[in-house]
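Engineer: Quick one: structure below, then a few questions.
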Amino acid sequence: MTAIRLAVVVASVRPERVGEAVARWFCAQVGEGFDIDVVDLATLVLPDALDGGGDTDVLAKRIDVADAIVLVTPEYNRGYPGVLKTAIDSLTTPWHAKPVGFVAYGGVSGGLRAVEQLRPVLAELHAVTLQATVSLPYAWDLPVVDGAVVPTRGAAAVRELARQLTWWGSVLRDARPYDP
Ligand SMILES: Cc1cc2nc3c(=O)[nH]c(=O)nc-3n(C[C@H](O)[C@H](O)[C@H](O)COP(=O)(O)O)c2cc1C
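Here the working numbering runs 10 ahead of the position in the sequence shown, where the first position is 1.
Next up, the structure:
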């Protein structure tokens with residue numbers, strides 16, 4: 011099977027963020043069968059005006075070519091980062107009929123409250139959010155080796171997410187041309 015083109019969106023942009031190390035861990039764990047593009051929102055300029063300026067076209071192209079998307083998101087005040095909402099709202103059709111998985115992290119909830127807020131947002135964009143979710147509680151306490159966090163748990167959740175990304179990614183890739 012052709013590799014699933016997977017966009018891994020890093021949704022925190024703070025200078026001291028853990029998000030980059032979480033994304034690096036996920037990319038190392040997810041295994042073969044994926045052609046990964048790490049879409050780091052810290053490297054893109056996305057206008058709050060949603061006027062298509064800045065790097066909106068760059069983001070649109072990278073999400074458009076993806077067969078599947080993983081949002082690596084922290085929890086901020088029981089929600090998800092504002093920059094992620096701007097990224098989501100900046101595009102329309104590139105999200106359509108795309109499977110979206112979550113690698114969430116945060117404090118006690120492991121980012122799951124952010125994920126639950128993202129599901130209805132993505133449903134509005136005709137994306138399919140995946141049941142499998144990777145969740146890392148107390149992410150700031152995790153050791154970091156070679157730029158990647160080293161959690162004691164999470165490998166099984168990544169395997170299940172990878173399985174669902176592969177199934178939905180290939181099914182929707184085949185289906186999209188029939189009703190663009
Ligand atoms: C503004 C802000 C709000 C936060 N709110 C929550 C929260 O509501 N629940 C939680 O579990 N963690 C919360 N945290 C902790 C973050 O989830 C945690 O620090 C995480 O590592 C942040 O991701 P980042 O380092 O990639 O930015 C908050 C952190 C920040 C900076």
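Where a beta carbon is used, it is the ideal one built from N, C-alpha and C, also for glycine.
Are there any heavy atoms of ligand 1 lying less than 7 Å away from the beta-carbon of Arg24, as far as the coordinates show?
Structural biologist: Yes, since a heavy atom of ligand 1 falls inside the 7 Å radius drawn around the Cβ of Arg24.
Engineer: With the cut-off set at 8 Å, would you say Asp65 and Leu81 are in Cβ contact?
Structural biologist: Result no, Cβ atoms of Asp65 and Leu81 do not sit closer than 8 Å.
Engineer: Can you tell me the Cβ-Cβ gap for Val20 and Ala52, rounded? I've got them flagged as a contact below 8 Å.
Structural biologist: 7 Å between Cβ atoms; contact.
Engineer: Is Ala149 near ligand 1, judged by its Cβ being under 7 Å from some heavy atom?
Structural biologist: Yes.
Engineer: Report yes if the C-beta of Pro161 is less than 7 Å from at least one heavy atom of ligand 1; otherwise report no.
Structural biologist: No - ligand 1 has no heavy atom lying nearer than 7 Å to the Cβ of Pro161.
Engineer: What does DSSP give as the partner residues of Ser22 in its beta bridges?
Structural biologist: In the DSSP output, where bridge partners are listed per residue, Ser22 has none listed.
Engineer: Please classify Thr139: is it buried, with 16 or more other beta-carbons within 10 angstroms of its beta-carbon, or exposed?
Structural biologist: With 16 or more other Cβ atoms within 10 Å, it is buried.
Engineer: How should Arg163 be labelled, buried or exposed, when 16 other C-beta atoms within 10 angstroms of its C-beta is the threshold for buried?
Structural biologist: So Arg163 ends up on the exposed side.
Engineer: Would you check whether ligand 1 has a heavy atom nearer than 7 Å to the C-beta of Gly164?
Structural biologist: Not so, every heavy atom of ligand 1 lies at least 7 Å from the Cβ.
Engineer: Excluding the 5 residues flanking Gly41 on each side, which residues of the same chain have their C-beta closer than 7 Å to its C-beta?
Structural biologist: So the qualifying residues of the chain are Ala172.
Engineer: What did DSSP end up calling Tyr90 once you bin it into helix, strand or coil?
Structural biologist: Reduced to three states, the DSSP call for Tyr90 is coil.
Engineer: Under a Cβ-count criterion, where at least 16 other Cβ atoms within 10 Å of its own Cβ denotes burial, should Arg34 be classed as buried or exposed?
Structural biologist: So Arg34 ends up on the buried side.
Engineer: Are the CB atoms of Ser145 and Gly111 within a distance shorter than 8 Å?
Structural biologist: Not in contact: Gly111 and Ser145 (Cβ atoms no closer than 8 Å).
Engineer: In chain order, which continuous runs of the alpha helix (DSSP H) of length 4 or greater are located wholly inside the region 51-128?
Structural biologist: Segments of the alpha helix (DSSP H) lying fully in the region 51-128: 66-74, 92-100.
Engineer: Rounded to the nearest angstrom, how far is the Cβ of Pro109 from that of Ile73, given a contact under 8 Å?
Structural biologist: Pro109 to Ile73, Cβ: 12 Å. No contact.
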